[in-house]
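Structure first, then comments.
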Amino acid sequence: MNTLAERLKACRIERALSQNELASLAGVSQSTVANIETGRNTGSKYLVLLANALEVDSEWLLTGKGEKRHWSVIHREHEAEANARREGDVLVWDREDDLPHDPRRVWIDRYDYRFSAGNGHTQWEIREKNALPFNEDFFKAIGSNPKHCKLVVCHGRSMEPFLYDRDMIMVDTEKLRLREEKIYALWLEDEPLVKQVFKSPGGGIVLHSFNPAYPDKVIEPEQMDRLKIFGQCVYRSGSGFL
Numbered sequence: 001m002n003t004l005a006e007r008l009k010a011c012r013i014e015r016a017l018s019q020n021e022l023a024s025l026a027g028v029s030q031s032t033v034a035n036i037e038t039g040r041n042t043g044s045k046y047l048v049l050l051a052n053a054l055e056v057d058s059e060w061l062l063t064g065k066g067e068k069r070h071w072s073v074i075h076r077e078h079e080a081e082a083n084a085r086r087e088g089d090v091l092v093w094d095r096e097d098d099l100p101h102d103p104r105r106v107w108i109d110r111y112d113y114r115f116s117a118g119n120g121h122t123q124w125e126i127r128e129k130n131a132l133p134f135n136e137d138f139f140k141a142i143g144s145n146p147k148h149c150k151l152v153v154c155h156g157r158s159m160e161p162f163l164y165d166r167d168m169i170m171v172d173t174e175k176l177r178l179r180e181e182k183i184y185a186l187w188l189e190d191e192p193l194v195k196q197v198f199k200s201p202g203g204g205i206v207l208h209s210f211n212p213a214y215p216d217k218v219i220e221p222e223q224m225d226r227l228k229i230f231g232q233c234v235y236r237s238g239s240g241f242l
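Going by full-length UniProt numbering, the sequence shown opens with residue 1, and the numbers climb by one from there.
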């Protein structure tokens with residue numbers, strides 16, 4: 001694997017992902033993935049996002065030098081072995097205090113907002129759950145400030161196979177400007193939703209569901225005041241695309 005194109009394609013195949021699936025995981029377009037894999041784009045600004053989605057090091061992906069695995073994967077493995085007890089095949093921490101001190105660790109609060117990824121869920125709760133740890137370098141890579149990020153549990157099936165019921169997303173509440181093909185947590189007439197956004201001519205938008213059983217929601221320009229943006233999805237955790 002001598003080129004970026006070869007390394008990206010090999011890693012994608014290794015993870016059993018299609019170009020569309022990798023693009024959705026990374027938050028980029030399928031054409032971006034295709035252009036890199038065919039060598040038409042040799043230095044993409046989306047490289048860090050693609051590397052994170054594949055759990056490989058971005059420098060290795062670009063140059064072929066250094067450690068292939070993403071630092072977060074190595075960090076998780078080392079930290080787990082050093083600070084966890086083994087019960088069968090499962091590593092368990094008794095307390096958060098058992099984790100070694102790491103000044104780069106950032107704790108992100110987790111909420112159950114009852115955000116719907118389907119239809120009919122009009123209730124949402126701000127019941128705070130336990131926080132989860134992330135490395136501050138993760139936020140630098142995705143261009144987000146951890147102070148503005150929240151972990152939110154999703155409910156519903158309309159975003160399968162990207163999001164399954166009770167999967168979790170990280171929402172950057174500072175990223176409120178709608179961008180083409182990005183995924184957002186939002187309200188539509190007081191109904192909380194998680195949808196991919198496409199812009200329409202004239203100023204309207206289409207709220208797209210990945211699951212074809214759920215029709216897209218078309219928001220005309222004069223209806224935009226019905227829509228409130230909570231923030232952009234910058235990370236997801238769960239069984240989607242597995």
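In this text, a Cβ means the ideal position worked out from N, Cα and C, and glycines have one as well.
With at least 16 other beta carbons inside 10 angstroms of its own, T32 counts as buried.
Per DSSP, S237 is one residue of the beta strand (DSSP E) stretching across L227 to S237. Annotation for Q19: no beta strand (DSSP E) segment contains it, though the alpha helix (DSSP H) segment containing it runs Q19 to A26. Rounded to whole angstroms, the gap between the alpha carbons of S158 and E191 is 14 Å. For Q30, the uninterrupted alpha helix (DSSP H) run begins and ends at Q30 to E37, by DSSP.
By the CB criterion at 8 Å, L61 and L47 fall inside the cutoff. When the alpha-carbon of E222 is set against those of K140, K228 and G202, the nearest one is in G202. Bounds of the beta strand (DSSP E) holding K150 are C149 to H155. Rounded to the nearest whole angstrom, the C-alpha separation of E6 and K65 is 14 Å. Straight through space, the alpha carbons of A34 and R105 are spaced by roughly 35 Å.
Looking only at Q196, Y184 and E220, the smallest Cα-Cα distance to K175 is reached by Y184.
Note that the C-beta distance between D172 and V234 is below 8 Å.
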